[in-house]
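Please read the structure below before turning to the comments.
2 protein chains.
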Amino acid sequence: MVEANDELSAVFQALADPTRRAMLSRLRVGPATVGELAEPFTMSRPAISQHLKVLERAGLIERTATAQWRTCTLRTEPLDEASAWVERHRGEWNDRFDLLAEHLRTMKENSE
Amino acid sequence: MVEANDELSAVFQALADPTRRAMLSRLRVGPATVGELAEPFTMSRPAISQHLKVLERAGLIERTATAQWRTCTLRTEPLDEASAWVERHRGEWNDRFDLLAEHLRTMKENSE
DNA sequence: TCCTTAATTAATGAATTGCTTAACCGTAGG
DNA sequence: CCTACGGTTAAGCAATTCATTAATTAAGGA
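Structure below.
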């Protein structure tokens, strides 16, 4: 792999781990410090830090530092694109012309 | 990582690659042989085969062999669960009680 | 039978992932 | 000042991912 990872891939990649998904679920309730996010898990703090870094790079969380606490906040915008992709591929869509046109468009975007 | 990968992780993992997503997009038009799926890409056939294996393990395609051709068909069922997860985390949901209850339920499922 | 076509398997390799422990950094409090 | 607390950085390791080339299987046609 040479290519700079596109945003959509980064989001799906971030979601492809149960720990990270659980963290995002927790953040739906409201912002949390790293310690609070780590609490349900048995893994080490550095492991938690690394998961958070993945989420941050995917744009799914924001971190703000006050004193020695890092507060994490959920960002849902990147999920819009992910949702759009999934919904597009899920429907009982049968217009072959539209589908082919869309596929060719996707191919073109992909080769930019 | 020790745990046997759950289905949802496998689906998101499969979607976290532009080549695989393009293959699924192509399959929306209709079933295709491996050769047809490989056509837009410059990578080797074995690489294509491995991508298809990932998609198959995630339940996103089905392969049927007739003569020396393997025909791939899109299976959208696994996308339902993925869609549900994303939509759940995307909404402008503000009932903290429900969110907390749901989060705790998710945690419990996660530890089974 | 021999050759071509379609695709997979096997073996290899570089890069990435997910975890660990140990060391470090910045803030607050005695 | 120095110690504790909250977190990150660094280094190392096993396993997985994504690609390659070479060899293999399996069916169809001359």
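From first to last, the protein sequence lines are chains A and B. Sequential numbering from 2 applies to the first sequence in the numbering used here. Sequential numbering from 2 applies to the second sequence in the numbering used here. Each residue gets a CB set at the ideal place from its N, CA and C atoms; glycine is no exception.
Give the DSSP-derived three-state secondary structure of B/Ala48 in the structure shown.
The count along the second sequence starts at 1 and reaches residue 48 of chain B at position 47. Of the three classes helix, strand and coil, the one that applies to B/Ala48 here is helix, per DSSP.
Which partner residues of A/Glu63 appear in the DSSP bridge assignment?
The sequence position of residue 63 of chain A within the first sequence is 62, counting from 1. Paired residues: A/Thr74.
Please report the straight-line C-alpha distance between A/Ala15 and B/Ala17, rounded to a whole angstrom.
Locating residue 15 of chain A in the first sequence gives position 14, where the first residue counts as 1. Locating residue 17 of chain B in the second sequence gives position 16, where the first residue counts as 1. Their backbone Cα atoms lie some 9 Å apart in a straight line.
Give me the residue from A/Leu25, A/Phe13, A/Ser10 with the minimum Cα distance to A/Thr74.
Residue numbering aside, residue 74 of chain A sits at position 73 when the first sequence is read from its first letter. For the residues A/Leu25, A/Phe13, A/Ser10, the minimum Cα distance to A/Thr74 belongs to A/Leu25.
Could you tell me whether any Cβ in chain A is nearer than 9 Å to the Cβ of B/Glu75?
To locate residue 75 of chain B, count along the second sequence from 1; it is residue 74. Note on residue identity: the sequence assigns Leu, not Glu, to residue 75 of chain B. Chain A, which has a Cβ nearer than 9 Å to the Cβ of B/Leu75, makes this yes.
Beta-bridge partners of A/Ala33, as assigned by DSSP
Translated into positions along the first sequence, residue 33 of chain A becomes position 32. DSSP, once it has assigned bridges, lists A/Cys73 as partnering A/Ala33.
Looking at C-alpha atoms only, which residue of B/Phe13, B/Pro19, B/Arg27 is the closest neighbour of A/Lys103?
Residue numbering aside, residue 103 of chain A sits at position 102 when the first sequence is read from its first letter. The identity of residue 103 of chain A in the sequence shown is Glu, whereas the question assumes Lys. When each option's Cα is compared against that of A/Glu103, the closest is B/Arg27.
Please name the residue, chosen from B/Ser45, B/Thr43, B/Glu63, B/Thr77, that lies closest to B/Ala33 on a Cα-to-Cα basis.
Residue mapping note: residue 33 of chain B aligns to position 32 of the second sequence, counting from 1. Minimum Cα distance to B/Ala33 is reached at B/Glu63.
Candidates A/Asp7, A/Pro41, A/Glu82: which alpha carbon is nearest B/Arg106's?
Walking along the second sequence from the start, residue 106 of chain B turns up at place 105. Residue A/Pro41 is the option with its Cα nearest to B/Arg106.
So, is the C-beta of B/Pro32 closer than 9 Å to a C-beta in chain A?
For the purposes of this step, residue 32 of chain B is identified with residue 31 of the second sequence, where counting begins at 1. Not an interface residue.
Are the CB atoms of A/Gly60 and A/Arg76 nearer to each other than 9 Å?
Translated into the one-based positions of the first sequence, residue 60 of chain A becomes position 59. Translated into the one-based positions of the first sequence, residue 76 of chain A becomes position 75. Result yes, Cβ atoms of A/Gly60 and A/Arg76 sit closer than 9 Å.
CB of A/Trp70 within 9 Å of CB of A/Val30, strictly
Here residue 70 of chain A is taken as the residue at index 69 of the first sequence, counted from 1. Here residue 30 of chain A is taken as the residue at index 29 of the first sequence, counted from 1. Cβ atoms of A/Trp70 and A/Val30: not closer than 9 Å.
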